[in-house]
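Taking it in order: structure first as C-alpha cells, then the write-up.
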Amino acid sequence: MKRAARAFWLSSPGHGEIRETALPDPAEGEVVVRSLYSGVSRGTETLVFRGGVPESQYAAMRAPFQEGDFPGPVKYGYLNVGLVEEGPADLVGRTVFCLYPHQTRYVVPVDAVTVVPPSVPAERAVLAGTVETAVNALWDAAPLVGDRIAVVGGGMVGCSVAALLARFPGVRVQLVDADPARAKTAEALGVDFASPQDALGDCDLVVHASATEQGLARSLELLTAEGTVLELSWYGDRQVSLPLGEAFHSRRLVIRSSQVGSVSPARRSSRTYADRLAVALDLLADPALDALVTGESGFGQLPDVLPRLASGEIPALCHRVRYDEDE
34 MKRAARAFWL
44 SSPGHGEIRE
54 TALPDPAEGE
64 VVVRSLYSGV
74 SRGTETLVFR
84 GGVPESQYAA
94 MRAPFQEGDF
104 PGPVKYGYLN
114 VGLVEEGPAD
124 LVGRTVFCLY
134 PHQTRYVVPV
144 DAVTVVPPSV
154 PAERAVLAGT
164 VETAVNALWD
174 AAPLVGDRIA
184 VVGGGMVGCS
194 VAALLARFPG
204 VRVQLVDADP
214 ARAKTAEALG
224 VDFASPQDAL
234 GDCDLVVHAS
244 ATEQGLARSL
254 ELLTAEGTVL
264 ELSWYGDRQV
274 SLPLGEAFHS
284 RRLVIRSSQV
294 GSVSPARRSS
304 RTYADRLAVA
314 LDLLADPALD
324 ALVTGESGFG
334 QLPDVLPRLA
344 SGEIPALCHR
354 VRYDEDE
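In the numbering used here, the protein residues as written are 34 to 360.
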C-alpha cells in the first residue's frame with residue numbers, strides 16, 4: 034500500500050489548505066514519525082502567512098524541511114512533536130521533537146529528531162524551538178547577577194526569555210507589554226509586569242521582542258547609561274525608525290541583534306545546534322512554561338485558525354495543534 038500523509042500548505046498569502054502528500058519508505062538512517070502536536074509561533078508563522086517575508090530574506094527564512102517557496106505555495110513550520118513509528122530500535126516508540134512543518138506523518142534523518150526527556154510532556158515540548166531561541170538570546174545577552182532587566186514584548190519569544198531570566202539569581206525582571214492580559218502570564222512565569230508607560234527604568238539590559246517601532250524606542254528609554262538593548266524582533270519587510278539623536282550617544286547606549294539561525298558566538302566553539310536544543314528541552318521540565326500555550330485546535334482546523342491568528346482575532350502566544358491518531 035502506498036504511504037500517504039496530510040500537510041498544511043500556505044497556498045497564497047492569507048490562504049491555507051490541507052493537502053495529501055506521498056510518504057516515502059524510510060531508508061537506512063531515517064525514521065517515520067507520527068505527529069502528536071505541532072505549534073504555531075504567532076510571530077514568524079503569521080508573518081509568513083500574510084506574505085510579509087521580503088524577497089531579500091527568502092533564503093535566510095527557509096525552515097529546515099520547508100517545501101515550496103515564499104510567498105507561496107509553501108509548507109512552513111518548525112515546532113513538531115511526534116512518536117517514532119519506524120526506524121532504529123532505540124528510537125521506535127520514543128517521543129521526539131523535530132523542526133518539521135504541520136504534517137500528520139513524515140520521514141526524516143535520525144539526526145533531525147531529538148528525544149524528548151521523560152520529564153517533559155509531549156504537549157509542552159512544542160515550545161522547544163522557542164525556548165531554544167531564548168537560550169541563544171541569553172547566551173548573546175550574558176546577563177549578570179543582580180542586573181535590572183526588562184523584556185519588552187510579551188509574545189511567545191519575549192515570555193520565553195522572561196521565564197528563563199526568572200531563574201537568574203538576584204535579577205530584577207519585568208515583562209513589559211501594552212496588553213494588560215499579559216499580566217497573568219507574567220505572574221505564572223514568576224516575573225513582574227508593567228505597561229510600557231509604567232515600566233521601571235535604569236535597566237542594565239532590555240530584551241526587545243515586540244516587533245514594533247514604539248517598543249524598540251521605549252526599550253532605549255528604559256536603559257541606564259551604557260546599557261544594552263538585545264533586539265530579538267524581526268520586522269520582515271517593514272522599515273523601522275529610531276530616536277538615535279538626543280542622549281543615545283552621550284549615554285553610550287548599545288543595540289545588539291540576536292538570531293537563532295546560528296549559535297551565539299559566546300558558545301559557538303563549545304556548543305552545537307543539537308546541544309542548544311537539548312538544553313531547551315531540559316528547561317521545559319518546568320510546568321510554569323505551560324502558560325505559553327494559550328490555545329489548541331485540531332490539525333484539520335488549521336485553514337480556518339491561521340487567518341484568525343494572523344488577524345489577532347485569536348490572541349495566542351503559542352497555539353498548539355493536536356493530531357488525532359487516525360489522521
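No residue lacks a Cβ here, since even glycine has one placed at the ideal position from N, Cα and C.
Cβ of E50 within 8 Å of Cβ of S44? In the sequence shown, residue 50 corresponds to position 17, counting from 1. In the sequence shown, residue 44 corresponds to position 11, counting from 1. Contact: yes.
Starting from W42 and walking both ways along the beta strand (DSSP E), at which residues does that stretch end? The residue labelled residue 42 in the question sits at position 9 within the sequence shown. Where W42 is concerned, the enclosing beta strand (DSSP E) stretches over 37-45.
Decide if T305 is buried, meaning its Cβ has at least 16 other Cβ atoms within 10 Å, or exposed. Within the sequence shown, the letter at position 272 stands for residue 305. Exposed, since its Cβ has fewer than 16 Cβ neighbours within 10 Å.
Is D173 buried or exposed, if buried means 16 or more other CB atoms sit within 10 Å of its CB? For the purposes of this step, residue 173 is taken as residue 140 along the sequence shown, with counting starting at 1. By the 10 Å Cβ count, D173 comes out buried.
Starting from T20, follow its DSSP beta bridges and name the residues at the other end. The shown model of the chain, from 34 to 360, leaves out residue 20, and the question about it has no answer.
Of all the options L233, L275, V164, D231, which has the alpha carbon lying nearest to the alpha carbon of V293? Here residue 293 refers to the residue found at position 260 of the sequence shown. Minimum Cα distance to V293 is reached at V164.
Sort out for me which residues DSSP pairs Y139 with in a bridge. Residue numbering aside, residue 139 sits at position 106 when the sequence shown is read from its first letter. Beta-bridge pairing links Y139 to V66.
Delimiting residues of the beta strand (DSSP E) encompassing E33: Look at the range of the chain in this structure, 34 to 360, and you will see that residue 33 is not part of it.
Taking the DSSP output, what are the residues bridged to Q207? Stepping through the sequence shown from its first residue, residue 207 is reached at position 174. For Q207, which the question treats as bridged, DSSP gives the partners A183, D225.
A349 vs G328 beta-carbon contact at 8 Å: As a first step, residue 349 must be located in the sequence shown, where it is residue number 316. As a first step, residue 328 must be located in the sequence shown, where it is residue number 295. At a Cβ-Cβ threshold of 8 Å, A349 and G328 count as neighbours.
Going straight from the alpha carbon of R205 to that of D180, what length do you get? Numbered from 1 along the sequence shown, position 172 holds the residue referred to as residue 205. Numbered from 1 along the sequence shown, position 147 holds the residue referred to as residue 180. Straight-line Cα distance between these residues: approximately 6 Å.
Quick check: the Cα distance between P87 and G269, rounded to an integer number of angstroms? What you label residue 87 is simply residue 54 of the sequence shown in a count that begins at 1. What you label residue 269 is simply residue 236 of the sequence shown in a count that begins at 1. The alpha-carbon atoms of P87 and G269 are separated by roughly 6 Å.
Are the beta-carbon atoms belonging to V140 and A167 less than 8 Å from one another? Against the sequence shown, residue 140 aligns to sequence position 107. Against the sequence shown, residue 167 aligns to sequence position 134. The answer is no: Cβ separation not under 8 Å.
Taking its Cβ as the centre, do 16 or more other Cβ atoms sit within 10 Å of D237, making it buried, or is it exposed? Here residue 237 refers to the residue found at position 204 of the sequence shown. D237 is buried by the Cβ-count criterion.
Helix, strand or coil for E119? Go by DSSP, reduced to three states. Position 86 of the sequence shown holds residue 119. Of the three classes helix, strand and coil, the one that applies to E119 here is strand, per DSSP.
Measure the alpha-carbon distance for R361 versus F103 and round it to whole angstroms. This structure does not reach residue 361, given that the chain is present from 34 up to 360, and the question cannot be answered.
Which residues DSSP lists as bridging T261, in chain order: Residue 261 sits at position 228 when you count from the first residue of the sequence shown. According to DSSP, which records beta bridges pairwise, T261 is partnered with L238, V287.
Helix or strand or just coil, what does DSSP make of E358? The residue given as residue 358 occupies position 325 in the sequence shown. DSSP places E358 in coil when its eight states are reduced to three.
Using 10 angstroms around the beta-carbon of Y111, count the other beta-carbons present and answer buried if the total reaches 16, otherwise exposed. By one-based count along the sequence shown, residue 111 stands at place 78. The residue in question, Y111, is buried, as its Cβ has 16 or more Cβ neighbours within 10 Å.
Identify which residue in E118, A280, R157 has its Cα closest to the Cα of P59. For the purposes of this step, residue 59 is identified with residue 26 of the sequence shown, where counting begins at 1. Comparing Cα positions, the closest option is E118.
Cα separation between E21 and L310? Beyond the ends of the chain as shown, which are 34 and 360, falls residue 21; an answer cannot be given.
With a cut-off of 8 Å on the beta carbons, I'd call T261 and V287 a contact; round off their distance for me. Locating residue 261 in the sequence shown gives position 228, counting from the first residue. Locating residue 287 in the sequence shown gives position 254, counting from the first residue. About 4 Å separates the CB atoms of T261 and V287; that is less than 8 Å, so the two are in contact.
Buried versus exposed, by CB contacts within 10 Å (16 or more), E78: Here residue 78 corresponds to residue number 45 of the sequence shown, with the count starting at 1. When all chains shown are included, E78 counts as buried.
Just verifying my parser: in three-state terms, what is the DSSP assignment at E279? To locate residue 279, count along the sequence shown from 1; it is residue 246. Coil at E279, not helix or strand.
Could you tell me the alpha carbon to alpha carbon distance between V143 and Y133, rounded to whole angstroms? Position 110 of the sequence shown, counting from 1, holds the residue named residue 143. Position 100 of the sequence shown, counting from 1, holds the residue named residue 133. Distance between the alpha carbons of V143 and Y133: 13 Å.
Excluding the 5 residues preceding and the 5 following R251 in the sequence, name in chain order all residues of the same chain whose CB lies nearer than 8 Å to its CB. Mapped onto the sequence shown, residue 251 falls at position 218. Closer than 8 Å at the Cβ level, and outside the excluded window around R251, lie V185, V209, P229, A232.
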